[in-house]
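Read top to bottom, the protein sequences are chains A and B. FYI, the numbering for the first sequence is 6 to 349, going by our numbering. FYI, the numbering for the second sequence is 6 to 349, going by our numbering. For glycine and all other residues, C-beta sits at the position ideal for the given N, C-alpha and C.
2 protein chains.
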Amino acid sequence: MKNRKTSTAATIIDVAREAGVSTSTVSYVMSGNRPISKETREVVESAMQRLRYSPRSSARALASSRSDVLGLVVPLRADVNVGVVMQFVTAVVTTARTFDKDVLLLTQDDAGGISRVTSQSMVDGLVMMDIEANDPRVEVLAARDKPAVLIGMPDDPRGLSCVDFDFAGAARLAVQHLAALGHRRIAFLGSPPASLQRHATYADRALNGFLETCSSHGISPISVACEANSRSLVQALDSIFSEHEAVTALIVHNEGLLPILGENLSQHGRSLPEDVSVVTIAPLEVAGSAVRPWTVIAIPAMEVGRAAVEMVMDRMDLAKPAELRLIAPVLTEGETTCVAAPQG
Amino acid sequence: MKNRKTSTAATIIDVAREAGVSTSTVSYVMSGNRPISKETREVVESAMQRLRYSPRSSARALASSRSDVLGLVVPLRADVNVGVVMQFVTAVVTTARTFDKDVLLLTQDDAGGISRVTSQSMVDGLVMMDIEANDPRVEVLAARDKPAVLIGMPDDPRGLSCVDFDFAGAARLAVQHLAALGHRRIAFLGSPPASLQRHATYADRALNGFLETCSSHGISPISVACEANSRSLVQALDSIFSEHEAVTALIVHNEGLLPILGENLSQHGRSLPEDVSVVTIAPLEVAGSAVRPWTVIAIPAMEVGRAAVEMVMDRMDLAKPAELRLIAPVLTEGETTCVAAPQG
DNA sequence: CTGTTAGCGCATTCAG
DNA sequence: CTGAATGCGCTAACAG
């Protein structure tokens, strides 16, 4: 009778013995790193199933210097929209799984988290969200020589790959769309002040895209930062409509405001879209589920997250050079835009 | 001249040599698993710093059978509020770090994720969110003999630890509070139909708590499920006020409705709180940031998440038996409740 | 209080 | 196409 261990889980040695082959053969069946005859493969695979074998990730990692884990650094700031964050996270995790990678979650207030997981070789690569223009973490990451991708565009990527939605292009597209409808007084209802102050790159780039496009269209830009609550929205609309009575269009880059924007506009005596047209830069899910669907330039969180993981994998497997990738904006017309009323 | 490797990172052997001690001494300085004289400790520590040593997690895991990683299974369903999910996630990750654990993120649609990370020994324990009454994953988890904690209360925990906010108690408290104010017609505006249909335990328990408390107070209960959008809210309020004109109080267990509830109530000709009092069961952050703060029974996501991790650690380190833990509800009065108007 | 050493489970040369 | 043997870096007996 074989001396079979009863308590501990099966190892590659058990499988080899059960299949009547060597451990290296078992290993190569799993990795596919060398040709295996059909017969032995089948023998090995059935042995693995019989023993419910599954390789210890730590042993594999030690021997191969790969953990098959990706790190993901997520923001925990009060000024970022959790819905959007969750979409990115979902996209990254889902895509990572298609590459047989798991995802280790790091929060950005975990100072030293990046250094820790890289120097301990816990991760093979990193994706970092919510990048600021002059983000100190970029330097840390760049010094670490692990494949890394930033979701966002810092002033100096320091040789790291970056991917993001083209927020500047989105703002430009919004202005162009409204301008084509005859609007000349356009206000930009943007990210929370906190996001702008810390120069979150999506906030900066959207605002700059707006300002530059206005300038090239001879439109005098109006912009106001706004937190995602009704108190702040009331203030913002007050300031817009009191100082700029003639505003006929709004570009809203703040998904948190959408549920309450309609109500507040009517409280300001503006009906939608007759008095003010609104284009929003937001995830399709929130902009489309409204009673009256918004004209929206969708933030493609899924695409961006997927691209981020693909880019990490490219740099790992193929040692590709760093790249910058921007996802182009697309405008979907809803019921919140129409031609501008003739000036009085 | 010493033959020092230039490219590869320092190992425990390098540190031992640099410090003039054995590798086990270095290991024990790190783990604290046996007494080390102050002098040698300092020598070793300075050697570690000089060499920028940090242990390879895979090697440590292989030798010690611990990964120092916790798995966290998060929901990706459309009917759960992402804000609440993020709060739980934040709490779990933050607390895990205080135990020197990292967190591996699993999505619940990743079928087999639980089996995979446990059988590969990627995690030392698991926390699973968004439990359903008869959740098939509970069985999978229970069969895995890793410490695990459920955030939620399944019908049969199968020997696993559970922790959650006392949603039933919260609903009871809400009814009691309103009843004490003289309200006899109370409607429960609850979770989305999808949450109830799949018997997400928070949805079930809140609703049952409401029904039972009404019954014991001789109040005839009115309850309606509602998705977190204005279309659904309009329907819900229509059904409440058309069929039950005399309703004077609402219990809202659906954070997504709060930003738009006030507006919709006034559209139904009800002013807040004169005509209808509202108690909401929601995270304090969303209920408190309103222009008119809600009377709220706070969902303490941070506490629950922290407790979950602590319970996993207890079961790991101390081999404690499974436990069920409910976090007690606390009601904070806002400006949305007042005594019921005398019946006409 | 410290040193020596045998594994942990797998990947991967080197031989055949 | 397959097997044998070495080493990945660390922990934890065991031995002083």
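With three or more C-beta pairs closer than 8 Å as the rule, is the segment 255 to 267 of chain A touching the segment 174 to 183 of chain A?
Contact between the segment 174 to 183 of chain A and the segment 255 to 267 of chain A is present, because at least three Cβ pairs lie under 8 Å.
How about glycine 157 (chain A) and threonine 206 (chain A): are their beta carbons less than 8 Å apart?
Cβ distance < 8 Å, so glycine 157 (chain A) and threonine 206 (chain A) count as in contact.
Can you check which of these residues, A:Ser282, A:Pro197, A:Thr123, is closest to leucine 186 (chain A) by C-alpha distance?
The shortest Cα separation from leucine 186 (chain A) among A:Ser282, A:Pro197, A:Thr123 belongs to A:Ser282.
Quick check: the Cα distance between alanine 306 (chain B) and alanine 96 (chain B), rounded to an integer number of angstroms?
Distance between the alpha carbons of alanine 306 (chain B) and alanine 96 (chain B): 7 Å.
Kindly indicate which three-state DSSP category alanine 333 (chain B) falls into: helix, strand or coil?
Coil at alanine 333 (chain B), not helix or strand.
For aspartate 135 (chain B), is the classification buried or exposed, using 16 other Cβ atoms within 10 angstroms of its Cβ as the cut-off for buried?
Buried, by the Cβ-count rule.
Just mark asparagine 86 (chain B) as buried or exposed, buried being the case when its beta carbon has 16 or more other beta carbons within 10 Å.
Buried: at least 16 other Cβ atoms inside 10 Å.
Give me the subset of the segment 69 to 93 of chain A whose CB atoms are less than 8 Å from a CB atom of chain B, sorted by chain position.
Those residues of the segment 69 to 93 of chain A that come within reach of chain B (Cβ to Cβ, closer than 8 Å) are Ser72, Val74, Leu77, Leu81, Val87, Gly88, Val90, Met91.
Would you tell me roughly how many angstroms separate the C-alpha atoms of lysine 10 (chain B) and aspartate 160 (chain A), rounded to the nearest one?
Because the pLDDT of lysine 10 (chain B) is 43, which lies under 50, any placement of that residue in the model is unreliable, and the number read from its coordinates should be weighed accordingly. Cα-Cα distance, rounded: 36 Å.
What is the DSSP secondary structure of arginine 9 (chain B), counted as helix, strand or coil?
Interpretation of arginine 9 (chain B) is limited by its pLDDT of 44, a score under 50 that renders its predicted location unreliable; no figure is taken from the coordinates.
I want to check one thing, is the minimum distance from the CB of serine 220 (chain B) to the heavy atoms of the ligand ATP below 7 Å?
Inclusion of the ligand ATP in the displayed structure is not the case, the ligand content being empty and no account of it being possible.
Would a check of beta-carbon distances place glutamate 268 (chain B) closer than 8 Å to chain A?
It does; some Cβ of chain A falls within 8 Å.
Going by C-alpha distance, which of A:Ser124, A:Ile332, A:Arg189, A:Ala324 is nearest aspartate 345 (chain A)?
Here residue 345 (chain A) is alanine; the residue named in the question, aspartate, does not match the sequence. Of the candidates A:Ser124, A:Ile332, A:Arg189, A:Ala324, the one whose C-alpha sits nearest the C-alpha of alanine 345 (chain A) is A:Arg189.
For a test of the three-state rule: what should DSSP assign to glycine 354 (chain B), helix, strand or coil?
Look at the range of chain B in this structure, 6 to 349, and you will see that residue 354 (chain B) is not part of it.
If the criterion is Cβ atoms closer than 8 Å, does the pair valine 154 (chain A) and methionine 321 (chain A) meet it?
It is not a contact, given that the beta carbons lie outside the stated cut-off.
Please list, in chain order, the residues of the segment 99 to 116 of chain B that have any C-beta partner in chain A closer than 9 Å.
Within the segment 99 to 116 of chain B, the qualifying residues are Thr99, Arg102, Asp107, Val108, Leu109, Leu110, Leu111, Thr112, Asp114, Asp115.
Distance check for alanine 184 (chain A) and glycine 223 (chain A), CA to CA, integer angstroms please.
Straight-line Cα distance between these residues: approximately 10 Å.
If the cut-off is 7 Å on Cβ atoms, which residues from the segment 56 to 67 of chain B count as contacting chain A, listed in chain order?
Within the segment 56 to 67 of chain B, the residues whose Cβ lies closer than 7 Å to some Cβ of chain A are Ser59, Pro60, Arg61, Ser62, Ser63, Ala64, Ala66, Leu67, listed in chain order.
Could you please tell me which residues of the segment 296 to 314 of chain B, in chain order, have their CB closer than 8 Å to any CB of chain A?
Result list: Val296.
Quick check on isoleucine 18 (chain B): does DSSP put it in helix, strand or coil?
In this structure, isoleucine 18 (chain B) counts as helix in the three-state DSSP scheme.
What residue range is occupied by the uninterrupted beta strand (DSSP E) comprising serine 166 (chain B)?
It spans 166 to 170 - the beta strand (DSSP E) in which serine 166 (chain B) sits, taken as one unbroken run.
Between threonine 112 (chain B) and leucine 81 (chain B), is the Cβ-Cβ spacing less than 8 Å?
Cβ distance < 8 Å, so threonine 112 (chain B) and leucine 81 (chain B) count as in contact.
Under 8 Å between the Cβ atoms of methionine 133 (chain A) and serine 62 (chain B)?
No. Outside cutoff.
Give a yes or no on whether the minimum CB-CB distance between arginine 236 (chain B) and chain A is below 8 Å.
True, the Cβ-Cβ gap to chain A drops below 8 Å.
Within the 8 Å Cβ cut-off, does proline 264 (chain B) reach chain A?
At least one chain A Cβ lies under 8 Å of proline 264 (chain B).
Based on the DSSP output, what are the partners of aspartate 107 (chain B) in its beta bridges?
The partner list for aspartate 107 (chain B) (beta bridge, DSSP) reads B:Val74.
How is valine 229 (chain B) classed by DSSP in three states: helix, strand or coil?
In the structure shown, valine 229 (chain B) sits in a strand (DSSP, three-state: E or B).
What residues of chain B sit near valine 48 (chain A), judged by a beta carbon separation below 8 Å?
Here the premise fails: no neighbours, minimum Cβ distance about 22 Å.
Do alanine 147 (chain B) and leucine 165 (chain B) have their beta-carbon atoms positioned less than 8 Å apart in this structure?
Cβ distance < 8 Å, so leucine 165 (chain B) and alanine 147 (chain B) count as in contact.
In the DSSP assignment, find the unbroken beta strand (DSSP E) run with alanine 303 (chain B) in it and report its ends.
Element bounds for alanine 303 (chain B): 300 to 303.
Could you give the distance in angstroms between the alpha-carbon of lysine 7 (chain A) and the alpha-carbon of arginine 57 (chain A)?
With a pLDDT of only 38 at lysine 7 (chain A), under the threshold of 50, the placement of this residue in the model should not be trusted; the figure read from the coordinates follows. Approximately 18 Å, taken between the alpha carbons.
List, in order along the chain, the chain A residues whose C-beta lies closer than 7 Å to that of threonine 342 (chain B)?
Neighbours of threonine 342 (chain B) on chain A: none; closest Cβ ~20 Å, over 7 Å.
Distance check for glycine 267 (chain B) and serine 276 (chain B), CA to CA, integer angstroms please.
Whole-angstrom Cα-Cα distance: 8 Å.
In its own chain, which residues sit with a C-beta less than 6 Å from the C-beta of glycine 349 (chain B), not counting the 5 before and 5 after it?
With a pLDDT of only 44 at glycine 349 (chain B), under 50, the local geometry of the prediction cannot be trusted, and the value read off the model is given with reservation. Closer than 6 Å at Cβ, skipping near neighbours: no residue.
Can you find the residues in the same chain that come closer than 7 Å, C-beta to C-beta, to alanine 287 (chain B), ignoring five residues on each side of it along the sequence?
These residues qualify, in order along the chain: Glu260, Leu263, Val301, Ile304.
Residues of chain B with CB under 9 Å from glutamine 54 (chain A), in chain order?
Within chain B, no residue comes near glutamine 54 (chain A); the closest Cβ sits about 13 Å away, beyond 9 Å.
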